[in-house]
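Here the structure comes first, spelled out in structure tokens, and everything after it is commentary.
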Amino acid sequence: MDASTGTPDDEPGLPGFASPASAATPYRVLARKYRPTNFGDLIGQDAMVRTLANGFSANRIPQAWMLTGVRGVGKTTTARILARGLNYARAGIPDTGPTVSMPELGLHCAAIMESRHMDVLEMDAASHTGIDDVRAIIDGIRYGPVSARYKVYIVDEVHMLSEKAFNAFLKTLEEPPPHAKFVFATTEIRKVPVTILSRCQRFDLRRVEAPVLHAHLAKVCAAEKVEAEDEALGAIVRAAEGSVRDALSLLDQAIAHGAGAVTAQSVRDMLGLADRVRILDLFEAVMRGAVPAAFAELRAQYDSGADPSVVLSDLAAFTHLVTRLKVVPETASDPTLSETERVRGGQFAEKLSIRALSRAWQILLKAIPEVQAAPRPLAAAEMAIVRLAYAADLPTPDEALRQLKAEAAAAPVEEAPATSGRPPLPPIPDLRGGGPSAAAAVAPRPMPVGAPMASAAAAPVAMSAPAPIAMVAPAERPAAPPAPRLARFEDLVALADANRDILLKTALERDVHLVRFAEGQIEFRLAQGGRSSLATDIAAAILRWTGQRWVVSVSKEEGAPTLDATVKAATETRRENAAADPFVREVLTRFPGAEIVDVRETAPPPTADPAITGDGDPMPADEVPDDDF
Numbered sequence: 004m005d006a007s008t009g010t011p012d013d014e015p016g017l018p019g020f021a022s023p024a025s026a027a028t029p030y031r032v033l034a035r036k037y038r039p040t041n042f043g044d045l046i047g048q049d050a051m052v053r054t055l056a057n058g059f060s061a062n063r064i065p066q067a068w069m070l071t072g073v074r075g076v077g078k079t080t081t082a083r084i085l086a087r088g089l090n091y092a093r094a095g096i097p098d099t100g101p102t103v104s105m106p107e108l109g110l111h112c113a114a115i116m117e118s119r120h121m122d123v124l125e126m127d128a129a130s131h132t133g134i135d136d137v138r139a140i141i142d143g144i145r146y147g148p149v150s151a152r153y154k155v156y157i158v159d160e161v162h163m164l165s166e167k168a169f170n171a172f173l174k175t176l177e178e179p180p181p182h183a184k185f186v187f188a189t190t191e192i193r194k195v196p197v198t199i200l201s202r203c204q205r206f207d208l209r210r211v212e213a214p215v216l217h218a219h220l221a222k223v224c225a226a227e228k229v230e231a232e233d234e235a236l237g238a239i240v241r242a243a244e245g246s247v248r249d250a251l252s253l254l255d256q257a258i259a260h261g262a263g264a265v266t267a268q269s270v271r272d273m274l275g276l277a278d279r280v281r282i283l284d285l286f287e288a289v290m291r292g293a294v295p296a297a298f299a300e301l302r303a304q305y306d307s308g309a310d311p312s313v314v315l316s317d318l319a320a321f322t323h324l325v326t327r328l329k330v331v332p333e334t335a336s337d338p339t340l341s342e343t344e345r346v347r348g349g350q351f352a353e354k355l356s357i358r359a360l361s362r363a364w365q366i367l368l369k370a371i372p373e374v375q376a377a378p379r380p381l382a383a384a385e386m387a388i389v390r391l392a393y394a395a396d397l398p399t400p401d402e403a404l405r406q407l408k409a410e411a412a413a414a415p416v417e418e419a420p421a422t423s424g425r426p427p428l429p430p431i432p433d434l435r436g437g438g439p440s441a442a443a444a445v446a447p448r449p450m451p452v453g454a455p456m457a458s459a460a461a462a463p464v465a466m467s468a469p470a471p472i473a474m475v476a477p478a479e480r481p482a483a484p485p486a487p488r489l490a491r492f493e494d495l496v497a498l499a500d501a502n503r504d505i506l507l508k509t510a511l512e513r514d515v516h517l518v519r520f521a522e523g524q525i526e527f528r529l530a531q532g533g534r535s536s537l538a539t540d541i542a543a544a545i546l547r548w549t550g551q552r553w554v555v556s557v558s559k560e561e562g563a564p565t566l567d568a569t570v571k572a573a574t575e576t577r578r579e580n581a582a583a584d585p586f587v588r589e590v591l592t593r594f595p596g597a598e599i600v601d602v603r604e605t606a607p608p609p610t611a612d613p614a615i616t617g618d619g620d621p622m623p624a625d626e627v628p629d630d631d632f
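So the number in this note's numbering is just where the residue sits in the sequence shown, counting from 1, plus 3.
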């Protein structure tokens, strides 16, 4: 249904789907021409429509609604449709009350949708922020509607109201007259006071999903008799980010840019996007580590007008797509994806690991703002490509450790000569043409202590053949290291700590009053609140760590204090000793409120090396220069 004329449309389910306007008709942008006029036209808001339908049928109608969501999802349009549903009535038909089913224009529908109805008052809070504007509403709310069923107040961008204006609304909003209803719309729900939110029924309008928005744009193009490529519509849907108004505005611009035809190339030129296929080629070059090819592709896209930050954003988006294809293969059924993206994305998902994709996502996520803020965006994008290419297939730390261990285990063992106390130097090839067999090891002659530098330079160098290196086969697997010996109870606590059993270590320190500790036997009293299975857990842990069976039993004897209590007692003793120190007492007196937080024992000062004289004898203390102190 056309909101301006009320004439029937070619497709009743979507407003404005009529033949293109003639030259005499003023042009209306697509975002206004195809604005929904009833609840059936709203796309992507099924939950809200169902709630309103059930509330209207059960006569559970609140006094106020709060509509929130991102720009362009239909908050203001929904508010007008809601006002139309509240006041819907047809001539010659008995009044059935508010409804969401509006098959045709009612008595008040056209005036409400065109914002000229006397009983439906719209106020833009962005330009009417003061308390005086709210007082005008409060003064007029006392009077009943002129012709409609309800007096509806639509306040758009309600978060722009001042604090005093919000406070003036509170009493009226909580107890309005039966004939008054309020509909608020905002994009900044966090700026609306909770006292206002608690008095409203809130609806969060969702971003329209990509398949739904893609189908909507295709229907609009069919109504406008415009040929549009699916890839072009997919690019518009991605740029709109779930906003119907943004998508229709971009489509309007694309139709004008392409002279009536919407092609993928024209949309890319209009939005400054890179070719999607070339983004895939760049992604492949980067993930292969082919930096020269990646640089050439990035430069080609830059020369064709693509913004480097947009290129990296597209790379990040495709990385996310490949990850989704790998984790959720059903993503391939998304109609906004081109056939190339679907096929090549699936191939990348099979070859690349989650580790490589996650690392690429993190690098791109940090590189995009760097490129946007860089004085030379192309150079910054190239450096990001370098980081991405060289880090694409780096192993994780645990994988690198496993590789090193595997290489060390597979490497042959070399036996050092027994005649030398140190390993021989590597062989030096004969530069006169001799092969490895003609190599010789250089062994410098020992130089006596105190010899002059000239004699050291003239000392002959002995050339001798290297000792033969015996290559032995890898030895058998070395015997397992000996089991740790538990000589004290503290050794058991340290063993639990070494095996990272924090729960058992904590229990040993806090819940064990040791009665007897001997080789193969532990007897203790369980502290109050300790778990009853501690003895069994200790025996099982010792068997697992040492391979030895110990007898662990619980006794009723008093036993020694727990390790935790012993440590706390020692700490308190050190604190008391420190507090008794005259210097510490003086500090605490001079600084009121100061307290001793911790007491640490300092290590003894290292023993100073005796001063060495020129002939190697210790220098007498009285002859040591003052500069050394």
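By construction, the Cβ of each residue, glycine as well, lies at the ideal position given by its N, Cα and C atoms.
All figures in this text were calculated on a predicted structure; none of them were measured in a lab.
Residue j beta carbon less than 8 Å from that of residue i
i	j	result
T81	L208	yes
L33	P39	no
V331	A352	no
A499	L511	yes
I140	Y156	yes
I371	A297	no
T569	R513	no
V374	L315	yes
G75	Y91	no
I258	V265	yes
G47	V197	no
Where residue i sits in the DSSP three-state scheme
i	result
H217	helix
F594	coil
T190	coil
I46	coil
T40	coil
H323	helix
K228	coil
T71	strand
D136	helix
L368	helix
A293	coil
S423	With a pLDDT of only 43 at S423, under 50, the local geometry of the prediction cannot be trusted, and the value read off the model is given with reservation. If DSSP states are grouped into helix, strand and coil, S423 belongs with coil.
M105	coil
V195	coil
Q551	coil
G88	helix
P487	coil
V313	helix
Y393	helix
Spatial neighbours of residue i in its chain, beta-carbon cut-off 8 Å, leaving aside the 5 residues before and after
i	result
C203	P65, A67, W68, M69, L176, F185 and F187
D255	V32, L33 and A34
A235	A257, V265, T266, A267, S269 and V270
Same chain only: Cβ atoms within 7 Å of residue i, ignoring 5 sequence neighbours per side
i	result
V452	Annotation note: pLDDT 40 at V452 (below 50); position unreliable, no value reported.
D89	Residue 89 is actually Leu in this sequence, not Asp. Closer than 7 Å at Cβ, skipping near neighbours: P101, R152, Y153, V155 and K184.
M116	A6, T40, R83 and R87
L517	F492, F527, G562 and A563
E191	H162
T322	L360, A363, W364 and L367
L3	Summary: the structure shown does not reach residue 3, with the chain confined to residues 4 through 632, and so no result is reported for it.
T657	Limits of the chain in this structure are 4 at one end and 632 at the other, which puts residue 657 out of reach.
Chain-order list of residues whose beta-carbon lies under 6 Å from that of residue i (same chain, five-residue window excluded)
i	result
M126	V158
D122	P148, V149, A151 and K154
R279	none
Sheet register partners of residue i (DSSP bridge)
i	result
S556	E526
A183	K154
Q256	Looking at the DSSP assignment, Q256 forms no beta bridge with any residue, so it has no partner.
D159	D127 and A188
L517	F527
V265	A231
R205	M69
Is the stretch 283-303 in contact with the stretch 383-392, if contact means three or more CB pairs nearer than 8 Å?
yes
Touching or not, the stretch 265-285 and the stretch 333-347, by the rule of three or more beta carbon pairs under 8 Å?
yes
Is it a yes or a no for the stretch 235-254 touching the stretch 210-219, going by three-plus beta-carbon pairs under 8 Å?
yes
Evaluate the contact criterion for the stretch 52-62 versus the stretch 163-178: three or more CB pairs, one atom per stretch, below 8 Å.
no
Are there three or more Cβ pairs, one per stretch, closer than 8 Å when the stretch 218-229 is compared with the stretch 249-263?
yes
Count Cβ pairs between the stretch 579-594 and the stretch 516-528 that sit closer than 8 Å; are there 3 or more?
no
Across the stretch 293-309 and the stretch 360-370, are there enough close Cβ pairs to call them in contact, namely three or more that are closer than 8 Å?
no
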